[in-house]
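This report refers to the structure that appears directly beneath it.
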Amino acid sequence: QKEVEQNSGPLSVPEGAIASLNCTYSDRGSQSFFWYRQYSGKSPELIMSIYSNGDKEDGRFTAQLNKASQYVSLLIRDSQPSDSATYLCAVTSNRKLIWGLGTSLAVNP
Amino acid sequence: DTGVSQDPRHKITKRGQNVTFRCDPISEHNRLYWYRQTLGQGPEFLTYFQNEAQLEKSRLLSDRFSAERPKGSFSTLEIQRTEQGDSAMYLCASSADNEQFFGPGTRLTVL
Chain A
146 QKEVEQNSGP LSVPEGAIAS LNCTYSDRGS QSFFWYRQYS GKSPELIMSI YSNGDKEDGR
206 FTAQLNKASQ YVSLLIRDSQ PSDSATYLCA VTSNRKLIWG LGTSLAVNP
Chain B
6 DTGVSQDPRH KITKRGQNVT FRCDPISEHN RLYWYRQTLG QGPEFLTYFQ NEAQLEKSRL
66 LSDRFSAERP KGSFSTLEIQ RTEQGDSAMY LCASSADNEQ FFGPGTRLTV L
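So the protein lines, in turn, are chains A and B.
Quick note on the working numbering: the first sequence kicks off at 146 and runs consecutively.
Quick note on the working numbering: the second sequence kicks off at 6 and runs consecutively.
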């Protein structure tokens, strides 16, 4: 059974701080990695995709991938209260997305 | 609006009734996915289409669930003889490559 694991949280950070979200996966053959943001009662929204080892930056978001360690992370700089949501990590395995349970992030004003 | 759309957004039904949901993908996307999500869980894969071909269906899915994508455009998901355990958010996503984009979902409540 291919798995994706995330800390459920809640992760609480003050406004303006860096939020760090982590994800590990079991399938060494996985090639594509995604972070989705999901507000309560809403559908997941794609915020970052990463395919090769290293860092990928997009605005306040940075995704980091280490395939050797089977680890992918998301950093949110200058966290805002509007970033408060559940962050889902998803990894491709056999053409399907395997999802973590998500990490709940609370950004406190 | 050129995003994924789903209809209806909410559905309340009585146990034993049949329900059908519709998904309209982003127009240039040839892949379409159905997921189910319950509170505190990640999306659970149900089925996947490439154009009109249904390429994969979850083994967890009972025979009460069926999906179609007759012309490779919109898709429907039907649940027959609904049960209370079917209550969930039903999500549709579409993609042209690896990135999947989700619609707003249909929230099903089975009484």
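In this text, a Cβ means the ideal position worked out from N, Cα and C, and glycines have one as well.
query, result
"Segment contact, 8 angstroms Cβ cut-off, at least three pairs: the segment 162-172 of chain A with the segment 210-225 of chain A", "yes"
"Spatially closest choice to residue 228 of chain A from A/238, A/240 and A/254, by CA coordinates", "A/254"
"Segments assigned beta strand (DSSP E), at least 3 residues, entirely inside the segment 208-244 of chain A", "216-221, 230-238 and 241-244"
"Contact under 8 angstroms by Cβ, residue 196 of chain A with residue 176 of chain A", "yes"
"Cross-chain neighbours of residue 37 of chain B in chain A, by beta carbon under 8 angstroms", "The contacting residues do not exist; residue 37 of chain B stays about 13 angstroms from chain A at best."
"8 angstroms Cβ cutoff met for residue 36 of chain B and residue 51 of chain B", "no"
"Alpha carbon of residue 68 of chain B to alpha carbon of residue 60 of chain B, nearest angstrom", "16 angstroms"
"Whole-angstrom distance between residue 16 of chain B and residue 191 of chain A, CA atom to CA atom", "26 angstroms"
"Residue ranges of each alpha helix (DSSP H) within the segment 59-108 of chain B, 4 or longer", "none"
"Residue 95 of chain B beta carbon less than 8 angstroms from that of residue 82 of chain B", "yes"
"With 16 other Cβ atoms within 10 Å as the buried cut-off, status of residue 43 of chain B", "exposed"
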